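Numbering (my numbering), first residue to last: 324 to 745. Beta carbons: idealized from backbone N, C-alpha and C, even for Gly. Computed from a predicted structure; not experimentally measured.
1) Taking the DSSP output, what are the residues bridged to residue 431?
2) Taking the Cβ atom as the reference point for each residue, do residue 709 and residue 662 lie within a distance shorter than 8 Å?
3) By the DSSP assignment, the beta strand (DSSP E) with residue 733 in it spans what residues?
4) So the beta strand (DSSP E) residue 565 belongs to, where does it begin and stop?
5) Would you list the one or two residues that DSSP bridges to residue 695?
6) Tell me the DSSP secondary structure of residue 594 in three-state form.
7) Please state whether DSSP places residue 621 in a helix, a strand or coil.
8) Which residue marks the beginning of the alpha helix (DSSP H) containing residue 459, and which one marks its end?
9) Would you kindly work out how many angstroms separate the C-alpha atoms of residue 678 and residue 432, rounded to a whole number?
10) Let me confirm a value: residue 371 is counted as buried when at least 16 other C-beta atoms fall within 10 Å, else exposed. Which label applies?
11) Kindly give me the distance between the Cβ atoms of residue 336 and residue 562, rounded to whole angstroms, as I take these residues to be in contact under 8 Å.
12) Apart from the five residues just before and just after residue 721, which ones in its own chain have a Cβ nearer than 6 Å to its Cβ?
13) Measuring CA to CA, which of 647, 480 and 690 is closest to residue 409?
14) Hey, would you say residue 518 sits closer than 8 Å to residue 567, going by beta carbons?
15) What runs of the beta strand (DSSP E), each 3 residues or longer, lie entirely inside the stretch 627 to 679?
16) Within its chain, find whatever has a CB closer than 6 Å to the CB of residue 414; leave out the 5 residues flanking it on each side and keep chain order.
17) Excluding five sequence neighbours on each side, which residues of the same chain lie with their C-beta closer than 7 Å to the C-beta of residue 619?
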């Protein structure tokens, strides 16, 4: 195994807590067990009547009650997307056994990803504006829809006064948020609440998404969102995501963190600079993001034990990712396992990549790769070593996570297991 280069000051960013609110499970272990079993959370939209829309399926979080996690005052001031993030953050802090009130507020930060912001809250206020008039628009409209609302509300709730921010890069934003957290750790902050959630299931939000032309029109959940399959016909949207606790390694050890799930050791980001919503047809910049991630991790393709794919779910997008993986991994691309557990939940935009990172970290913990579902017949050119059907035991030390976003954003993150002896 190639030695991973460390930051010059030795400050290493590790993940010590995971909180999940996802379509196939609320709570990290509940979701993870469902994910390993290949249990799908995709079904016909229940939050409103979708019969007039071309896309009628989604990954909805069934049974989520914001009041189980946050007070009513805050519920009415914020959007569902923020409710889920506050809940996941609470779970992650508990998992990390970290009480923010007992630590230096200036050494704690919050950096999350968002794609659509508080669109459900915004739709409600727009309806009030046009149906009743401006005096009926709520005072919290100005902040509840805003992309940074989740970051701000987590910071306020837990008194985190370090450098905070939000990343907007659609699906790739979740990886960029974690890399920004790593940079913040290197600059002296001890802990960052990071990751992302999304709440894009609503009439207004669905109308906005449909314009991209990449969504499945199938009405059978087993026929929709078939990444890398010959019958791929688009993706379905999903809500929820994951919040992760990123800490400086020695700080985590000194305070006695119960888990060190893994370390962020490499990252690469590029842009196709080609089209506002279409990926460049050559896939070169996506491949370059992966190569940069490996280079900054100080490893080669042979050191990667598994790949968590972006999994666009469209014939063109899947073919491009397969092509990019083959370019980076050369002859070894037919050997390295590739999986896309987001096939169980849909594409969660800003919450999707953090959920994949959570899956990768738990895969490292359990030495087990979750499956891709609805992949029965790989499409032409998508001849990779896919994990399908059921979870597979695997010897894992280093994992690569891919993500792409509308606008040409490409991201790749490398996480590695951390020995307790190091």
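On the basis of the supplied data:
1) Here residue 431 refers to the residue found at position 108 of the chain shown. Looking at the DSSP assignment, residue 431 forms a beta bridge with 514.
2) Reading the chain shown from its first residue, position 386 is the one you call residue 709. Reading the chain shown from its first residue, position 339 is the one you call residue 662. Closer than 8 Å, so yes.
3) To locate residue 733, count along the chain shown from 1; it is residue 410. Per DSSP, residue 733 is one residue of the beta strand (DSSP E) stretching across 732 to 739.
4) If you number the chain shown from 1, residue 565 lands on position 242. Per DSSP, residue 565 belongs to the beta strand (DSSP E) from 563 to 571.
5) Within the chain shown, numbered from 1, the residue matching residue 695 stands at position 372. Here residue 695 is bridged, per DSSP, to 711.
6) Residue 594 sits at position 271 when you count from the first residue of the chain shown. Taken through DSSP and simplified to helix, strand or coil, residue 594 comes out as strand.
7) Position 298 of the chain shown, counted from the start, is the residue given in the question as residue 621. The three-state reading of DSSP puts residue 621 in coil, since its state is none of H, G, I, E or B.
8) Numbered from its first residue, the chain shown carries residue 459 at position 136. For residue 459, no alpha helix (DSSP H) run applies, since DSSP gives it neither H nor E.
9) Here the question's residue 678 lines up with position 355 in the chain shown. Here the question's residue 432 lines up with position 109 in the chain shown. The straight-line gap from Cα to Cα measures roughly 20 Å.
10) Working through the chain shown from its first residue, we reach residue 371 at position 48. The residue is exposed, with fewer than 16 neighbouring Cβ atoms inside 10 Å.
11) Locating residue 336 in the chain shown gives position 13, where the first residue counts as 1. Locating residue 562 in the chain shown gives position 239, where the first residue counts as 1. With 8 Å as the limit, residue 336 and residue 562 do not qualify as a contact, their Cβ atoms being about 27 Å apart.
12) Translated into positions along the chain shown, residue 721 becomes position 398. So the list reads 626, 627, 628 and 739, once near-sequence residues are dropped.
13) Within the chain shown, numbered from 1, the residue matching residue 409 stands at position 86. Taking only the C-alpha atoms, the option nearest residue 409 is 480.
14) Here residue 518 refers to the residue found at position 195 when the chain shown is read from its first residue. Here residue 567 refers to the residue found at position 244 when the chain shown is read from its first residue. When the beta-carbon positions are compared, residue 518 and residue 567 come within less than 8 Å of each other.
15) Fully enclosed beta strand (DSSP E) runs of 3 or longer: 629 to 631 and 660 to 662.
16) On the chain shown, residue 414 is found 91 positions in, with the first residue counted as 1. Once the five neighbours on either side are set aside, the close Cβ partners of residue 414 are 342.
17) Counted from its first residue, the chain shown places residue 619 at position 296. Answer for residue 619: 589, 590 and 591, listed in chain order.
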